[in-house]
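**Student:** There's a structure below that I have some questions on.
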Amino acid sequence: MKFNLIAQDKLSKARAGEITTDHGVIQTPIFMPVGTAGTVKAVHQRELKSDINAQIILGNTYHLYLRPGLQTLEQAGGLHKFNGWDGPILTDSGGYQVYSLSQARKIKEEGVTFRSHIDGSKHLFTPEAAMDIQRVIGADIIMAFDECTPYPCDYHYARRSIEMTHRWLKRCCDRFDTTEPKYGYSQTLFPIVQGSVYKDLRAKSAEVIASFEREGNAIGGLSVGEPAEEMYAMTELVCNILPEQKPRYLMGVGTPVNILENIALGVDMFDCVMPTRNARHGLLFTRNGILNMRNEKWKNDFSPIDAESDLWVDQEHTKAYLRHLITAGEMLGAQIASLHNLHFYLWLVNEARQKIISGDFYSWKNTMVKQLAQRL
0 MKFNLIAQDK LSKARAGEIT TDHGVIQTPI FMPVGTAGTV KAVHQRELKS DINAQIILGN
60 TYHLYLRPGL QTLEQAGGLH KFNGWDGPIL TDSGGYQVYS LSQARKIKEE GVTFRSHIDG
120 SKHLFTPEAA MDIQRVIGAD IIMAFDECTP YPCDYHYARR SIEMTHRWLK RCCDRFDTTE
180 PKYGYSQTLF PIVQGSVYKD LRAKSAEVIA SFEREGNAIG GLSVGEPAEE MYAMTELVCN
240 ILPEQKPRYL MGVGTPVNIL ENIALGVDMF DCVMPTRNAR HGLLFTRNGI LNMRNEKWKN
300 DFSPIDAESD LWVDQEHTKA YLRHLITAGE MLGAQIASLH NLHFYLWLVN EARQKIISGD
360 FYSWKNTMVK QLAQRL
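Under numbering that gives the first Met the number 0, the first residue of the sequence shown is numbered 0, with each subsequent residue one higher.
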């Protein structure tokens, strides 16, 4: 993997770049649609390419490990062959599931023992296993195994957690560096900065992660309930420590406003389930604000879904029809809304990229964040 910085905003830390992988080039800043179980929910791969212009998608190690399972994925030739997506893929390590399955797991130095949410079966994820599993899945970018601490989090617990995460990272790197990709293309390992919302822990973690000198770095443990101001403070602190010549990935973030503010702080890569999850509940993002398609006000509105915008508009369907589909629980409603939201997110980061290159990012960002959070 290679990363090339193309432009830097003069009034912020925002930057535009290119990540080159064996499955294609990713123009940054970039939003990565989340394909938890090998698919971006309600969206076909051809729509990701033709309608949304997605450049990279995510897979979830925990979910893919449980179903369809490693044997099936390996026989298929990896996730690219299995799901028909020929662009870059990033996989998480299962560390977030360590956080989210708090009632069904035990964390020890060796790794994490957990019970499947599907059938209750018992499993062990170690740093070595996380590398082996992601080798089998075949993602272009794989993540180190870490512990994502909750919010709020006791300082002493957070300190012990990052120290263990750093020891796990050493084991991940040792395993990764002594194994080979399975399907004839290269893979890249990103470490993850942790430390909750404690400045000294975040700084220490960022310094340790940077010392491993991998091709890219991630920031985890944010967007887990902390105030946005805390997220921005931690991101700014970490981005000032992580090397400029490597991509920075802020995991699990977030709203359109979160994305623009964190681009301004120096982040290059984002992912979040919000555009598709909110779509399934009838919430649509537009450049003028948020539409709740369950509201009665749209019942007899026969204008296009995003008529106020000059973005891509689904000319076939009106607000009234989409509201009907969503309130009736029809699958087509989730499909239309998901396509819309993902297209908007990809438009937003591409527009940010163009503004960075042209030198207009900072003023444009300040205008946009006022509009994006409005309820229409």
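By construction, the Cβ of each residue, glycine as well, lies at the ideal position given by its N, Cα and C atoms.
Can you tell which of A129, Y197, M130 and I355 has its C-alpha closest to the C-alpha of Y156?
**Tutor:** Closest by alpha carbon: Y197.
**Student:** Between the C-alpha atoms of H122 and P303, what's the straight-line distance to the nearest angstrom?
**Tutor:** Approximately 49 angstroms between the Cα atoms of the pair.
**Student:** Could you give the DSSP three-state label for Q186: helix, strand or coil?
**Tutor:** If DSSP states are grouped into helix, strand and coil, Q186 belongs with coil.
**Student:** Candidates A129, I56 and W363: which alpha carbon is nearest S92's?
**Tutor:** The shortest C-alpha separation from S92 is found at A129.
**Student:** So, at 6 angstroms on beta carbons, what are the nonlocal neighbours of G94 in its own chain, with the 5 sequence-adjacent residues on each side left out?
**Tutor:** These residues qualify, in order along the chain: F144, D145 and C147.
**Student:** Quick check on S210: buried or exposed, where buried means 16 or more other Cβ atoms within 10 Å of its Cβ?
**Tutor:** So S210 ends up on the exposed side.
**Student:** Of all the options A138, H339 and E214, which has the alpha carbon lying nearest to the alpha carbon of V42?
**Tutor:** The shortest C-alpha separation from V42 is found at H339.
**Student:** What three-state label does DSSP hand E146 in the structure shown?
**Tutor:** Coil, per DSSP.
**Student:** Would you call the stretch 290-298 in contact with the stretch 28-44, where contact means no fewer than 3 C-beta pairs closer than 8 angstroms?
**Tutor:** Judged by Cβ distances under 8 angstroms, the stretch 290-298 makes no contact with the stretch 28-44, as fewer than three pairs qualify.
**Student:** Apart from the five residues on each side of it in sequence, which residues of its chain come closer than 8 angstroms, Cβ to Cβ, to G387?
**Tutor:** Any question about residue 387 goes unanswered here, given that the chain covers just 0 to 375.
**Student:** Would you kindly check if the distance between the Cβ of V192 and the Cβ of A202 is under 7 angstroms?
**Tutor:** Their beta carbons are not under 7 angstroms apart, which means A202 does not touch V192 by this criterion.
**Student:** Please classify E260 as buried or exposed, where buried requires at least 16 neighbouring CB atoms within 10 angstroms.
**Tutor:** Label assigned to E260: buried.
**Student:** Does the Cβ-Cβ distance between E214 and M367 come in under 7 angstroms?
**Tutor:** No, the pair does not count as a contact, with Cβ atoms beyond the cut-off.
**Student:** Return helix, strand or coil for A128, following the three-state DSSP convention.
**Tutor:** Residue state, collapsed to three classes: helix.
**Student:** Is the Cβ-Cβ distance between V33 and D270 less than 7 angstroms?
**Tutor:** In this structure, D270 lies closer than 7 angstroms to V33 by Cβ.
**Student:** Report buried or exposed for H342, applying the criterion of at least 16 other Cβ atoms within 10 angstroms of its Cβ.
**Tutor:** Its Cβ being crowded by 16 or more others within 10 Å, H342 is buried.
**Student:** For F81, report the span of its beta strand (DSSP E) as first-last.
**Tutor:** Where F81 is concerned, there is no enclosing beta strand (DSSP E), although the alpha helix (DSSP H) it sits in stretches over L78 to N82.
**Student:** What residues match up with P242 in a beta bridge as DSSP calls it?
**Tutor:** None; P242 has no bridge partner.
**Student:** So for R14, helix, strand or coil by DSSP?
**Tutor:** In the structure shown, R14 sits in a strand (DSSP, three-state: E or B).
**Student:** So, is F360 buried or exposed, given that buried needs 16 or more other C-beta atoms within 10 angstroms?
**Tutor:** Buried, by the Cβ-count rule.
**Student:** Can you give me the start and stop residues for the alpha helix (DSSP H) that T326 sits inside?
**Tutor:** Residues K318 to T326.
**Student:** Which same chain residues end up closer than 6 angstroms to C171 when comparing Cβ atoms and leaving out the 5 residues on each side of it in sequence?
**Tutor:** So the qualifying residues of the chain are P126, M130, A143 and F144.
**Student:** State yes or no: is the C-beta of D305 within less than 7 angstroms of the C-beta of K318?
**Tutor:** No, the Cβ-Cβ distance between D305 and K318 is not below 7 angstroms.
**Student:** Here's a check: name, in chain order, each residue in its chain whose Cβ is nearer than 7 angstroms to the Cβ of E225, leaving out the five neighbours to either side.
**Tutor:** Same-chain partners within the cutoff: Y150 and V196.
**Student:** Could I get the ranges of all uninterrupted alpha helix (DSSP H) runs contained in the stretch 12-55, with 4 residues as the minimum, in chain order?
**Tutor:** Complete alpha helix (DSSP H) runs here, min 4: 44-49.
**Student:** How would you label L249, buried or exposed, when you count the other beta carbons within 10 angstroms and need 16 or more for buried?
**Tutor:** By the 10 Å Cβ count, L249 comes out buried.
**Student:** Quick one: does the C-beta of P274 sit closer than 6 angstroms to a heavy atom of the ligand MN?
**Tutor:** Because no ligand of any kind appears in the structure shown, any question about the ligand MN cannot be addressed here.
**Student:** Exposed or buried, which one is S337 when buried takes at least 16 other CB atoms within 10 Å?
**Tutor:** Under this definition S337 is a buried residue.
**Student:** Cutting at 6 angstroms between CB atoms, please list the residues of its own chain near L57, excluding the five before and the five after it.
**Tutor:** Excluding sequence neighbours, L57 sits near M31, V33, G34, L89 and D270.
**Student:** CA-CA distance, I18 and T285?
**Tutor:** When rounded, the distance between both Cα atoms is 27 angstroms.
**Student:** Between A53 and G86, what straight-line distance do the alpha-carbon atoms span, to the nearest angstrom?
**Tutor:** Spanning the two alpha carbons is a distance of roughly 9 angstroms.
**Student:** Just grab the DSSP bridge partners of K1 for me.
**Tutor:** DSSP, once it has assigned bridges, lists T19 as partnering K1.
**Student:** According to DSSP, which residues form a beta bridge with D270?
**Tutor:** DSSP, once it has assigned bridges, lists M31 as partnering D270.
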